[in-house]
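Heads up, the sequence shown is in this note's numbering, so the first residue is 415 and it goes up one at a time. Where is the CB? At the ideal position from N, CA and C, for every residue including glycine.
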Amino acid sequence: MKSPRVAILSGVGALNTYNLTLAKELNLPLVTNLNTIDKTSEFYLHYDNEGLSLYNSLEQTKSAVRVNFDSPALHRRSKDRLLRQNLIKATATKQKQKLDVLDAMSGLGNDAFLLARAGYHVTMLERNEIVFALLRDGLHRGSKGLPDTRDALTRMMLIKGDFLKKGGELGTFDVLYLDPMFPVKRGTARSKKSMHLLQQLLGQTEEDLGLLDFALSKARNRVVVKRAKHSPNCNNRHPQISFKGSTSRYDVYLVP
Numbered sequence: 415m416k417s418p419r420v421a422i423l424s425g426v427g428a429l430n431t432y433n434l435t436l437a438k439e440l441n442l443p444l445v446t447n448l449n450t451i452d453k454t455s456e457f458y459l460h461y462d463n464e465g466l467s468l469y470n471s472l473e474q475t476k477s478a479v480r481v482n483f484d485s486p487a488l489h490r491r492s493k494d495r496l497l498r499q500n501l502i503k504a505t506a507t508k509q510k511q512k513l514d515v516l517d518a519m520s521g522l523g524n525d526a527f528l529l530a531r532a533g534y535h536v537t538m539l540e541r542n543e544i545v546f547a548l549l550r551d552g553l554h555r556g557s558k559g560l561p562d563t564r565d566a567l568t569r570m571m572l573i574k575g576d577f578l579k580k581g582g583e584l585g586t587f588d589v590l591y592l593d594p595m596f597p598v599k600r601g602t603a604r605s606k607k608s609m610h611l612l613q614q615l616l617g618q619t620e621e622d623l624g625l626l627d628f629a630l631s632k633a634r635n636r637v638v639v640k641r642a643k644h645s646p647n648c649n650n651r652h653p654q655i656s657f658k659g660s661t662s663r664y665d666v667y668l669v670p
């Protein structure tokens, strides 16, 4: 798939320094005029007082993708019977409470945050440099955020890299969590808009046939794979356990 064109929109004062530094780090063009971005780039990043955001320059309504671990919606999820949510039930083991989890496809980090709120130590791995930059910014702002956010972030660590290439260097974990980010129907909810925009940026990739076996080799207890409710099993392998919700499910593959 051809990589989408991405630019950095400059700011003013110290904010512009951040945008300039990011443009050099990611080797992306720095654009000064918003009106010309849609002619040169499909997406643009911009850092302002609210943090680093990703926009689709071709959309008339500029909805932003931003990592915000202080989000009220995310905190409601982290407090609303957290231990009864399918994500936590799928990852929990009877042998150990404070688990070491590798979130091998971190996306915007929401699931990693919920796992950390449940008391797990979570290593986030993200291969896309733009998503990595969004996560890094979210972690930085979150470290100065709400008390519950700051507490969760002490158990979260971010690493840049592709799981199939970098995973061999990271040792083993109690749980491997895989979220290949299944297609989301566009809706009005902010979370759906964010995921839709992120999928536009990343595109659809074929699932590696060796993904599940490699994940099992790095897990001490289980691999958990997030899927759309009616989508095929990962690598066409039947899970031992599956926790199903209204739109998604969590398939559990136990280590032999």
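Nearest-angstrom Cα separation, counted from residue j out to residue i
i              : j              : result
asparagine 647 : leucine 590    : 16 Å
arginine 498   : asparagine 635 : 20 Å
alanine 487    : aspartate 551  : 19 Å
asparagine 447 : glutamate 456  : 14 Å
lysine 658     : serine 608     : 23 Å
lysine 510     : leucine 496    : 17 Å
tyrosine 461   : glutamate 473  : 19 Å
glycine 601    : histidine 610  : Only weak support exists for where glycine 601 lies, its pLDDT of 47 falling under 50; the value from the coordinates is given anyway. So the alpha carbons of these two residues sit roughly 9 Å apart.
asparagine 430 : leucine 440    : 15 Å
proline 653    : valine 669     : 11 Å
methionine 415 : isoleucine 544 : Any reading at methionine 415 must be qualified, since the residue scores a pLDDT of 43, below 50, and its modelled position is unreliable; the value itself is stated next. If you take the alpha carbons of methionine 415 and isoleucine 544, they lie about 17 Å apart.
isoleucine 422 : valine 479     : 14 Å
lysine 640     : leucine 592    : 6 Å
leucine 630    : asparagine 449 : 49 Å
tyrosine 525   : leucine 572    : The sequence shown places aspartate at residue 525, not tyrosine. Each residue's alpha carbon lies about 13 Å from the other.
serine 660     : glycine 617    : 24 Å
leucine 516    : arginine 531   : 15 Å
alanine 428    : lysine 438     : 16 Å
glycine 585    : serine 485     : 32 Å
glycine 581    : glycine 575    : 8 Å
proline 443    : tyrosine 432   : 14 Å
lysine 508     : leucine 459    : 43 Å
histidine 554  : tyrosine 667   : 34 Å
Residue from the options whose Cα sits closest to the Cα of residue i
i                 : options                           : result
arginine 651      : His644, Lys493 and Asp627         : Asp627
glycine 541       : Phe527, Asn524, Gly533 and Ser520 : Here residue 541 turns out to be arginine, not glycine, going by the sequence shown. The shortest C-alpha separation from arginine 541 is found at Ser520.
asparagine 470    : Asn441, Leu612, Asn482 and Pro653 : Leu612
arginine 663      : Thr537, Asn500 and Gln614         : Asn500
histidine 644     : Ala633, Ser656 and Val637         : Ser656
valine 426        : Val637, Val445, Glu439 and Val420 : Val445
leucine 548       : Glu464, Lys512, Val637 and Thr661 : Glu464
serine 557        : Gly582, Leu513, Phe483 and Lys503 : Phe483
leucine 528       : Leu567, Phe587 and Arg555         : Leu567
alanine 633       : Asn433, Ala504, Val420 and Asp514 : Asp514
leucine 522       : Val666, Leu468 and Ala428         : Leu468
serine 492        : Tyr534, Ser477 and Val420         : Tyr534
alanine 518       : Leu578, Thr454, Asp665 and Lys503 : Leu578
phenylalanine 587 : Val638, Arg564 and Leu615         : Val638
lysine 512        : Arg569, Tyr667 and Phe546         : Arg569
leucine 625       : Gln614, Ala506 and Pro594         : Pro594
According to DSSP, residues forming a beta bridge with residue i
i              : result
glutamate 540  : Lys574
asparagine 470 : Phe457
valine 426     : None; valine 426 has no bridge partner.
tyrosine 664   : Lys640 and Phe657
leucine 444    : Ile422
histidine 610  : Histidine 610 is not bridged to any residue.
valine 545     : Valine 545 is not bridged to any residue.
histidine 535  : Asp514
glycine 552    : Beta-bridge pairing links glycine 552 to no other residue.
Host beta strand (DSSP E) of residue i (start-end)
i             : result
aspartate 514 : 514–517
leucine 688   : Nothing can be reported for residue 688, as the shown portion of the chain is limited to 415 through 670.
Residue i - containing alpha helix (DSSP H), residue span
i                 : result
phenylalanine 527 : 524–531
serine 492        : 486–493
lysine 503        : 500–505
alanine 566       : 561–567
Enumerated in chain order, which unbroken segments of the beta strand (DSSP E) with a length of 3 residues or greater are wholly contained in the region 614–662?
633–642 and 655–658
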